[in-house]
Amino acid sequence: MKTKDTLLEALGIEIISASEQRVEATMPVDERTRQPFGLLHGGASVALAETVASLGAIKSVDIEKEICVGLEINANHIKGKKDGIVTAIGVPLHKGKKTAVWEVKIQDEEENLICISRCTLAILPKA
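First residue of the sequence shown: 1, per the UniProt record's numbering; consecutive thereafter.
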């Protein structure tokens with residue numbers, strides 16, 4: 001997966017493992033990912049969640065013929081985080097021919113829930 005010159009590189013997102021059944025990625029909580037009050041930005045958490053869901057969905061399609069793009073995402077920001085690393089773990093809830101739905105939990109180093117997200121992806125023909 002290309003990460004150079006992408007949002008993943010800008011936010012410091014690192015893919016730990018990826019399969020069609022589970023994706024794990026980390027992201028630092030630092031000057032790139034904090035909002036002005038010093039907490040992890042909700043948008044950074046959403047970007048991490050969509051990255052994990054998209055990568056998982058891509059693992060279930062023929063990437064020579066199809067792409068996966070975000071269609072809808074929601075996120076509940078449960079707990080604030082000021083520094084360190086967060087880990088996102090995503091699992092599929094639905095894998096269809098035209099859509100996929102993934103649940104992504106973002107936790108801190110002590111496995112405290114920081115954010116939970118559900119992402120629906122559209123599976124489209126490659127142009």
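Don't be surprised by glycine CBs; every beta carbon is placed ideally from N, CA and C.
Among the options, whose alpha-carbon lies nearest the alpha-carbon of residue i?
i, options, result
"Gln107", "Pro36, Ala88, Thr120, Arg118", "Ala88"
"Gly38", "His94, Thr26, Lys82, Glu109", "Lys82"
Contact defined as beta carbons within less than 8 Å: I believe residue i pairs with residue j. What is the distance between those atoms, to the nearest angstrom?
i, j, result
"Arg32", "Ala10", "7 Å"
"Glu66", "Pro125", "6 Å"
Using a Cβ-Cβ cut-off of 6 Å (strictly less than) and excluding sequence neighbours within five positions of residue i, which residues of its own chain qualify?
i, result
"Trp102", "Ala53, Gly56, Gly90, Pro92, Cys119"
"Val23", "Val52, Leu55, Gly56, Gly90"
"Ser17", "Glu24"
Hey, how far is the Cα of residue i from the Cα of residue j?
i, j, result
"Leu121", "Leu113", "23 Å"
"His94", "Asp5", "31 Å"
"Gly70", "Pro36", "27 Å"
"Leu7", "Ala127", "22 Å"
"Lys105", "Lys97", "24 Å"
"Val29", "Leu40", "6 Å"
"Val46", "Val86", "12 Å"
"Glu111", "Ala44", "18 Å"
Do the CB positions of residue i and residue j come within less than 8 Å of each other?
i, j, result
"Gly42", "Met27", "no"
"Gly84", "Glu109", "yes"
"Ile73", "Ile116", "no"
"Ala25", "Thr51", "yes"
"Glu14", "Lys59", "no"
"Ala75", "Ala49", "yes"
Leaving out five residues on either side along the sequence, give the residues of the same chain with a beta carbon under 7 Å from the beta carbon of residue i.
i, result
"residue 131", "Outside the displayed span of the chain (1 to 127) sits residue 131, for which this structure offers no information."
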